[in-house]
Amino acid sequence: LLGAGCSTNEAGTPIRIEPATLYAQNCARCHGPEGKPDPNLKAAMPALRDFTDPAFQQLPIAQVESVIMAGKNQMPPFGGAMSTAKIQAVAGYARRLGAGRK
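Note that the numbering used here numbers the sequence shown so that position 3 is 120, with each residue one more than the last.
Here's what the structure looks like:
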């Protein structure tokens, strides 16, 4: 599947990573199900990223991953809750989600 990958659990057993599920569970509430935040929420939190914004699309993917890991402004850090593989998967998903949309 496009964008799906694998990670491992504590026992070292491979587990499937579903970027769409990770995004829905951790990101969609603020960033919107299709990468475009609700205008009212965006007004209340001006730093909230719109993944359809060309400026976001031009960010290096490593920078997107870093923000997911460490948090920024009102966004909480996910580094303690997600493995590196999951952070990479959700960063790539957010990029693909916003690509080509206005």
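Quick reminder that beta carbons are idealized off the backbone N, C-alpha and C, glycines included.
Model, not experiment: these values are computed from the prediction.
Quick one: what's residue i bridged to in DSSP?
i: K189; result: M192
Cα separation between residue i and residue j?
i: G152; j: N143; result: 12 Å
i: L214; j: I132; result: 23 Å
i: A164; j: Q175; result: 17 Å
i: N190; j: A179; result: 18 Å
i: A141; j: M199; result: 14 Å
i: A161; j: P177; result: 26 Å
Since residue i contacts residue j with CB under 8 Å, what's their CB separation in whole angstroms?
i: P154; j: D170; result: That belief does not hold up - the Cβ atoms of P154 and D170 are roughly 10 Å apart, past 8 Å.
i: A206; j: P136; result: 4 Å
Would you mind stating whether residue i and residue j have Cβ atoms separated by less than 8 Å?
i: G196; j: A187; result: yes
i: R212; j: V184; result: no
i: A202; j: I134; result: yes
i: L158; j: C147; result: yes
Identify whether residue i lies in helix, strand or coil by the three-state DSSP scheme.
i: E151; result: coil
i: S183; result: helix
i: G215; result: helix
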